[in-house]
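J.: Before anything else, here's the structure in question.
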Amino acid sequence: MNALPFLKAMPRRSRRRGYPLAVLIGLEGSQAATWNIFSESVRPGDRIQNDDEYSFYESIVDLLRPSLKQGTKSVLIATDDEREYRRFLGHIEKHQSWLLKGWGLNTATFEHVSEPAMNIEQVRRLVKAHGFREKLSEVTQGDIGQVMSVLEKRLNDPQGIETVLFSLNEVEDAVYRSGESPEYILVTELFRSRRRRRTDRLLQVAANKKVKTRIIKTDTPAGTRLSQFGGLVCMLRS
Numbered sequence: 023m024n025a026l027p028f029l030k031a032m033p034r035r036s037r038r039r040g041y042p043l044a045v046l047i048g049l050e051g052s053q054a055a056t057w058n059i060f061s062e063s064v065r066p067g068d069r070i071q072n073d074d075e076y077s078f079y080e081s082i083v084d085l086l087r088p089s090l091k092q093g094t095k096s097v098l099i100a101t102d103d104e105r106e107y108r109r110f111l112g113h114i115e116k117h118q119s120w121l122l123k124g125w126g127l128n129t130a131t132f133e134h135v136s137e138p139a140m141n142i143e144q145v146r147r148l149v150k151a152h153g154f155r156e157k158l159s160e161v162t163q164g165d166i167g168q169v170m171s172v173l174e175k176r177l178n179d180p181q182g183i184e185t186v187l188f189s190l191n192e193v194e195d196a197v198y199r200s201g202e203s204p205e206y207i208l209v210t211e212l213f214r215s216r217r218r219r220r221t222d223r224l225l226q227v228a229a230n231k232k233v234k235t236r237i238i239k240t241d242t243p244a245g246t247r248l249s250q251f252g253g254l255v256c257m258l259r260s
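Dropping the structure here:
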C-alpha cells in the first residue's frame with residue numbers, strides 16, 4: 023500500500039478530505055472516540071460514554087451503521103488493552119453476528135490496533151506509528167476481498183452476470199434514471215482521475231440514494247481486476 027498523505031503528517035486543518043477508507047474507534051473503559059479515515063485526512067466523529075457495557079457496545083454499532091451502508095466496512099479498533107478489543111468483538115459475535123457472517127456485501131472487517139486513539143494527539147501519533155499503514159492495508163484489503171468474491175461469483179454465473187454493469191453510461195443510467203436498483207459501485211483511482219467530475223457526481227448521487235460505493239487503488243489485486251473491465255463495475259441488487 024502506497025504511503026498516504028495523512029500518514030506523513032496529519033494536518034490540523036486539511037481542506038482535502040479524500041475518499042473514505044476505514045473507521046477508527048478508540049476504546050478506553052466505558053468511553054469510545056470515533057474517527058473517519060480518508061485517503062488524505064482523518065476526521066473526528068462522535069464520542070460515546072456509557073457505563074452499561076451492552077448499551078455501550080450497541081451505541082458503537084449504531085455509529086458504524088451509516089458508514090457500513092455507504093460501503094465503508096473496514097473498522098480499526100484502537101486500544102492498548104487487547105482485552106477491551108476481545109470483549110467488543112465478543113459482543114459483536116453474540117449480538118450482531120451479521121457484521122461478521124452476514125451477506126458478502128454487508129459484512130464488516132475488524133482489526134485491532136494496540137495503541138490508544140482517544141484524542142487528536144494520540145491519533146496523530148498512531149497514524150505515523152510503524153505498522154499502522156500495514157494494519158490499514160490489511161483491514162481494507164480484507165473488506166474489498168469479500169466484495170470481489172461476490173463479484174466473481176456473479177461473473178461466473180449466467181444469471182449473476184446479468185446483474186453487473188461495466189460502462190459509465192450504463193451505470194449513470196441505472197443511478198440517475200432507470201428503474202434498476204444499483205447496490206454497489208466499484209471504481210479504480212485511475213478511472214476516477216481520468217473522469218473526475220463525472221465520476222464524483224455519480225458516486226455522490228449514488229451515496230445519496232444509499233448505494234454502496236468504493237474507490238479502489240489501481241495497483242492492488244482488486245484494482246488490477248477491475249481495470250480488466252475498464253475500471254468501473256456496478257452490481258445491481260439481485
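Add 22 to the 1-based position in the sequence shown for the working numbering, that's all there is to it.
For glycine and all other residues, C-beta sits at the position ideal for the given N, C-alpha and C.
1. According to DSSP, is lysine 95 helix, strand or coil?
2. Would you say glycine 335 and serine 61 are within 8 angstroms of each other, going by their C-beta atoms?
3. Write down every uninterrupted run of the beta strand (DSSP E) in the region 151-234 whose length is 3 residues or greater and which is fully enclosed by it, in chain order.
4. Determine whether the beta carbon atoms of valine 197 and alanine 229 lie at a separation below 8 angstroms.
5. Just to confirm the assignment, what range does the alpha helix (DSSP H) spanning leucine 248 have?
6. Tell me whether cysteine 256 sits in a helix, a strand or coil according to DSSP, three-state version.
7. CB leucine 86 to CB valine 45, shorter than 8 angstroms?
8. Who are the Cβ neighbours of arginine 176 in its own chain at under 7 angstroms, not counting the five residues just before and after it?
9. Here's the rule: buried if 16 or more other CB atoms are within 10 angstroms of the residue's CB, otherwise exposed. What is glycine 48?
10. Please report the distance separating the alpha-carbon of arginine 259 from that of isoleucine 99.
11. For phenylalanine 188, does the count of other Cβ atoms within 10 angstroms reach 16, so buried, or fall short, so exposed?
12. With a threshold of 16 other CB atoms inside 10 Å of the CB of tyrosine 79, please say whether the residue is buried or exposed.
13. Any idea what DSSP makes of leucine 121, helix, strand or coil?
14. With distances taken from CA atoms, which of Asp179, Glu75, Leu248, Thr162 is nearest threonine 129?
15. For valine 97, which of Gln250, Leu248, Leu122 has the nearest alpha-carbon?
16. For my contact list, threonine 240 and threonine 210 are in at a C-beta cut-off of 8 angstroms; report their separation, rounded to the angstrom.
17. Nearest to glutamine 250 by alpha carbon, out of Glu137, Gly67, Glu174?
T.: Let me lay it out:
1. coil
2. An answer regarding residue 335 cannot be provided, because it is not within the stretch 23 to 260 covered by the chain.
3. 204-210
4. no
5. 243-249
6. strand
7. yes
8. Gly182, Ile183, Thr185, Val186, Met257
9. buried
10. 31 angstroms
11. exposed
12. buried
13. helix
14. Thr162
15. Leu122
16. 5 angstroms
17. Glu174
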